[in-house]
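Following: one structure in structure tokens, then a few remarks.
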Ligand SMILES: [Zn+2]
Ligand SMILES: [Zn+2]
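Shown next, in the form of structure tokens:
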């Protein structure tokens, strides 16, 4: 139980209002977007994997996009905010096995319950555009696109290492290999590595563009761009050949050709063809390769390796250097062979020490380098920096960069650029994915499934130890589309990252059945303006989606859209109350369902958005949840009390009652400072209303800017301050109805993106019969000189506090504020432009000379604090600003406040005033 009896009476009941508004939005089609809209704001969350239920990470992710989508909609934008299901993948197969059902039924059940949860959270999606990747209407286009890519030369068969269970005689997905011992998930047999041909997308054809274009993605976080750069891993270098007598020339790739004279050994990766060839006649090498193939990649030992007994000829020196097979030479980076220079490479150094190989220095620091050549001892540690060549024969004295260029010619090499990026293997040996639309015929080889036979639909799920499609005998055997002979379907399915590489395009025309999407509309609606999702997708999904978009542009399926996502936000994690990642084993998880039931969706949304900026992590906090809950109830109460008061006023007016009573007296706090009625100069109702009006405008402007910047917590803080001000306003005086109502309406609107149900309820209470979700965002223009005025008021209040504290005034009766005379403002203006000689400049001014000593003194004072020559309000505006804010001072200090102009105030007091710094006199 969380609502007190009193709250239930005054506040709202989330269990009643939330479903009601959800139905109302749905009936009013608030979140639908028509196909003929032009260039809408496209706001998208990474679609969820259909795991069964939403977790807090989802809730945070979708609250961010929903709040932003609602904000843009209220600003008058047409908004595309769709939702769908990433619904293929092995977990569904596992769940189906556990529950003795099939992946299809299990997945559909998950989708239904997750859709309900999203609705309960109040997320506003255009459900007409919903898609699920496991439906043939969607995945047929994966198959069709696969064929398009293939025709464009972007699909290849390449060898890849797979997990093979010798007992089940089947290929296993990585997820089906269990534990450190790498056992088959079904029969616990240790798996073996088997090289087999697989289907690949040649994403490496786009490596350079994928890399280059990152520079212009300035709406993306830098860390994600950096992760993609590293993943693509461009290296500019050169290749040269070393001859291994008896085995021919072996190509190496290096970025440090300048060090070639220091090569003291040569290394081959275990998978290198020459290593394999040597192994045929060398048992030690054969054994080493066998062990290396079964070693765990995670605990790679850089010193592990075996001498082959062979030697390679260094083309620079003609010397022979020993050849090793070593695990640290990765087969899939560069050429799988390298010459090793222990003096200038850390890994080579470690290996050389372990195998007692010579270390020869060939580079030393240049004269202007930080390091002193005398301090460098390469026997001790590698010196990996560029420098000047030594021990390099006729090339001594060359700088590294120059040498690298020169040596390419000298040693018959060539300039080469290498990437770490590999082609994208999309074959998966599992059931719950898109069947690859290929048929294998003994005579014709691989033949595409003709378009008219698409989609290749999945057969019924087969419970089997291996790949279910391989066991689907009836499905598997078909006639060859080319020659009609008996042929067999490809039984692998596609990596589910294929599904998510273009789903954002499908949302633009989800029902389309003659193409994956409508080219014209996708070209207009793309790219996604705001994409929000987890950092775990920094590389694969986000890189594949970029690759697909570029290919589709090249295939003229989208027009001029080369990047899918203009702005990207990676939301931070929601941690458990204990500050740890939420997990079952720690028991620190918080279920969204429970929070919705207990506090309502609005509370969860508000708490999450107030807790931190989207990209920061934060810990769940019951106090924070409680605070969000009370705040919503409080604002609602403020609104409904006002609405009740208005209603009764309207009633009494129509009854010709003589003195309309306001309800404000009922709840003004006991510490009301205004006991003696009118005060001459301060607290005028019109002044207070003006003050509040300016704060309303400033809050709207501020919150708008913060929403635009995705700093929702700052926007919400501003709303909380506005609500608190409205409460104080009501306590201080009988509020001006127009101003007060405008304040409440503004607060409700600014809350609407984050706490949409409560905001609708407030909006209705205020007498509107339209929806706040479709209402106009408050005009966002901060009042003129707002910041200057705010600084003036804050400084003045701070000064009063200082005086009260320092002098020890217990009960101030009157605070007099005297505004500085016009001429001091003039001194300030001159001082600002004086360029050093403040006093001289000021005393040249005839008018100011009339002020005599005082002007000179003030000029000196200003000259002494050059940093605080900020522009200030002119005297009459300064006075007006202080009068507007006087009520706040009265409330804070329980004193009357008198604001005086320079003519009416005591000359001694005025003498102490400066522009932006009124003189203060406090009487007890
Ligand atoms: Zn097995
Ligand atoms: Zn054939």
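Residue numbers (this note's numbering): 63 to 986.
Cβ coordinates follow ideal geometry from the N, Cα and C atoms, glycine included.
Nothing here was measured: the structure is a model prediction, and the numbers come from that model.
Beta-carbon proximity check, residue i vs residue j, cutoff 7 Å
i: residue 490; j: residue 554; result: yes
i: residue 625; j: residue 589; result: yes
i: residue 845; j: residue 811; result: no
i: residue 483; j: residue 399; result: no
i: residue 450; j: residue 423; result: no
i: residue 641; j: residue 681; result: yes
i: residue 195; j: residue 148; result: yes
i: residue 761; j: residue 784; result: yes
i: residue 892; j: residue 903; result: yes
Residue i CB to nearest heavy atom of ligand 3 below 6 Å
i: residue 251; result: Ligand 3 is not among the ligands present in this structure, which contains only ligand 1 and ligand 2.
Collapsed DSSP secondary structure at residue i in the structure displayed
i: residue 332; result: coil
i: residue 489; result: strand
i: residue 221; result: strand
i: residue 646; result: coil
i: residue 292; result: helix
i: residue 984; result: strand
i: residue 495; result: coil
i: residue 454; result: coil
i: residue 306; result: strand
i: residue 572; result: coil
i: residue 555; result: strand
i: residue 69; result: Any reading at residue 69 must be qualified, since the residue scores a pLDDT of 43, below 50, and its modelled position is unreliable; the value itself is stated next. Note: residue 69 maps to helix in three-state DSSP.
i: residue 300; result: strand
i: residue 739; result: Here the model assigns residue 739 a pLDDT of 39, short of 50, so the residue's position is not dependable, and the following value carries that caveat. Three-state result, residue 739: coil.
i: residue 430; result: coil
i: residue 726; result: Here the model assigns residue 726 a pLDDT of 40, short of 50, so the residue's position is not dependable, and the following value carries that caveat. It is helical.
i: residue 905; result: helix
i: residue 1006; result: As shown, the chain starts at 63 and ends at 986. That puts residue 1006 outside it, with no answer to give.
i: residue 605; result: helix
i: residue 633; result: coil
i: residue 934; result: coil
i: residue 327; result: strand
i: residue 773; result: coil
i: residue 147; result: strand
i: residue 617; result: coil
i: residue 397; result: coil
i: residue 939; result: helix
i: residue 527; result: coil
i: residue 956; result: coil
Residue closest to residue i, alpha-carbon to alpha-carbon, out of the options
i: residue 327; options: 266, 437, 421, 317; result: 421
i: residue 106; options: 170, 430, 143; result: 143
i: residue 871; options: 986, 645, 274; result: 986
i: residue 184; options: 199, 121, 202, 221; result: 121
i: residue 376; options: 673, 621, 401; result: 401
i: residue 795; options: 448, 748, 343, 808; result: 748
i: residue 593; options: 603, 586, 922; result: 603
i: residue 876; options: 866, 885, 883; result: 866
i: residue 357; options: 657, 874, 435, 242; result: 242
i: residue 791; options: 343, 816, 952, 906; result: 952
Rounded separation between residue i and residue j - CA only
i: residue 217; j: residue 831; result: 57 Å
i: residue 744; j: residue 945; result: Low local confidence applies: a pLDDT of 43 at residue 744 is under 50, so the model's placement there is unreliable, and no value is given.
i: residue 686; j: residue 268; result: 47 Å
i: residue 827; j: residue 819; result: 12 Å
i: residue 163; j: residue 155; result: 9 Å
i: residue 151; j: residue 558; result: 6 Å
i: residue 246; j: residue 308; result: 41 Å
i: residue 772; j: residue 675; result: 7 Å
i: residue 1021; j: residue 614; result: Residue 1021 lies beyond the stretch modelled for the chain, which goes from 63 to 986, so this question has no answer here.
i: residue 85; j: residue 774; result: 26 Å
i: residue 562; j: residue 931; result: 57 Å
Does the count of Cβ pairs from the stretch 285 to 303 and the stretch 311 to 318 closer than 8 Å reach three? yes
At least three beta-carbon pairs within less than 8 Å, the stretch 508 to 528 to the stretch 278 to 290: Verdict: no, contact absent.
Three or more C-beta pairs under 8 Å: does that hold for the stretch 130 to 145 against the stretch 95 to 106? Touching, per the Cβ criterion.
Flag this pair as touching only if the stretch 649 to 666 and the stretch 72 to 86 have three or more C-beta atom pairs under 8 Å; answer yes or no. yes
Pair every Cβ in the stretch 752 to 762 with every Cβ in the stretch 939 to 956, then say whether three or more of these pairs are closer than 8 Å. Pairwise C-beta distances place the stretch 752 to 762 in contact with the stretch 939 to 956, as three or more of them are shorter than 8 Å.
Pairing CB atoms from the stretch 461 to 480 with CB atoms from the stretch 237 to 255, are three or more of them under 8 Å? no
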